[in-house]
Ligand SMILES: NC(=O)c1ccc[n+]([C@@H]2O[C@H](COP(=O)([O-])OP(=O)(O)OC[C@H]3O[C@@H](n4cnc5c(N)ncnc54)[C@H](O)[C@@H]3O)[C@@H](O)[C@H]2O)c1
């Protein structure tokens, strides 16, 4: 028996990295998974060994149930259509994972462009807003609660050097998580965040392959290594499951101890 049997989940940014790992992990736990992304195939810079196969295909190949829906999290209408597709296919929605996110480049604010700020805020902050809004509307229609998991970052709770737009966007997503937990707790809608540090995904390849940056991160991390997307799966399954029924408004930090000092 899986911990997410009979549940219907949407995962945004499900084609690559953390979103892909969570989608596959949820399916292993018995969930039917709607994989949403702006692209169906995994980013080529990623570390997934089986990335030539799309996430929904891997799930079905393993005997699970999955659907791909193209959706841009920055567009409210796309996100409304995404929820409608999930409900049309599977009858309801139980879990929303707002994972899609972007990072442009390391630079201090005086070197950043307005376009970089707008792009980062649009995906990382407005995208989470859109996903929360549309899933909450569906949860309220159903009337029996729901679970939202926002993939934030340690950049949402501490400042990281040369990441001004990313930190601003993740800080917004973190505090939206807390705010929504307050408004929708009475409706049994749990809203939580996971805050990873640096993980081996396509997003971080330029930094993982830079020996100086890679070592700096390792030395600042008490567990002395980078994490993997698979290490976010267990925490996500926990927050999506009945084990977390009394957990809401929390920041689940999964960072090898980076923020402990
Ligand atoms: N990798 C890390 O070190 C790390 C650390 C902390 C937090 N995070 C966060 O985790 C999330 C996933 O990151 P990742 O490392 O797996 O990134 P990734 O770049 O490997 O994968 C992100 C996926 O999101 C999709 N995406 C991008 N913009 C989108 C949009 N507008 N609408 C829908 N999908 C879109 C991409 O196509 C891609 O498939 C992000 O929110 C990121 O900020 C990553």
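Numbering (the numbering used here), first residue to last: 5 to 265.
Glycine included, each C-beta is placed from N, C-alpha and C at the ideal position.
Using only the heavy atoms of ligand 1, determine whether one of them is closer than 7 Å to the beta carbon of residue i.
i           : result
residue 75  : yes
residue 106 : yes
residue 80  : no
residue 19  : yes
residue 203 : yes
residue 176 : no
residue 179 : no
residue 47  : yes
residue 210 : no
residue 200 : yes
residue 157 : yes
residue 96  : no
residue 43  : yes
residue 152 : no
residue 131 : yes
residue 206 : yes
residue 103 : yes
residue 128 : yes
residue 16  : yes
residue 168 : no
residue 140 : no
residue 22  : yes
residue 190 : no
residue 233 : yes
residue 50  : yes
By the three-class DSSP mapping on this structure, what secondary structure does residue i have?
i           : result
residue 166 : coil
residue 80  : helix
residue 15  : strand
residue 71  : strand
residue 87  : helix
residue 3   : Only positions 5 to 265 of the chain appear in the structure, and residue 3 is not among them; the question remains open.
residue 48  : coil
residue 60  : helix
residue 42  : coil
residue 197 : strand
residue 36  : strand
Under 8 Å, do residue i and residue j count as touching if we go by C-beta distance?
i           : j           : result
residue 268 : residue 181 : Outside the shown range of the chain (5 to 265) lies residue 268, about which nothing can therefore be said.
residue 194 : residue 152 : yes
residue 25  : residue 37  : no
residue 86  : residue 244 : no
residue 239 : residue 258 : yes
residue 189 : residue 231 : no
residue 154 : residue 201 : no
residue 241 : residue 23  : no
residue 192 : residue 146 : no
residue 34  : residue 6   : yes
residue 148 : residue 11  : no
residue 255 : residue 176 : no
residue 17  : residue 84  : no
residue 31  : residue 63  : yes
Ignore the nearest five residues each way along the sequence and tell me which others in residue i's own chain have a CB closer than 7 Å to its CB.
i           : result
residue 111 : 166
residue 263 : 158, 161, 162, 257
residue 91  : 97, 142
residue 209 : 49
Only counting the same chain, and skipping five residues up and downstream in sequence, which positions put a Cβ closer than 6 Å to that of residue i?
i           : result
residue 253 : 182, 185
residue 60  : 39, 70, 72
residue 266 : Outside the displayed span of the chain (5 to 265) sits residue 266, for which this structure offers no information.
residue 211 : 217
residue 120 : 108, 169
Looking at chain C, is there any beta carbon in it that lies within less than 8 Å of the beta carbon of residue i?
i         : result
residue 8 : In the structure shown, chain C cannot be found, because there is only a single protein chain.
To which residues of the same chain is residue i closer than 8 Å at the C-beta, ignoring the five residues directly before and after it?
i          : result
residue 78 : 126, 127, 130, 131, 134
Taking the runs of the alpha helix (DSSP H) that are 4 residues or longer, which of them lie wholly in the region 95 to 170? 118 to 125, 131 to 146
Taking the runs of the beta strand (DSSP E) that are 3 residues or longer, which of them lie wholly in the region 211 to 246? none
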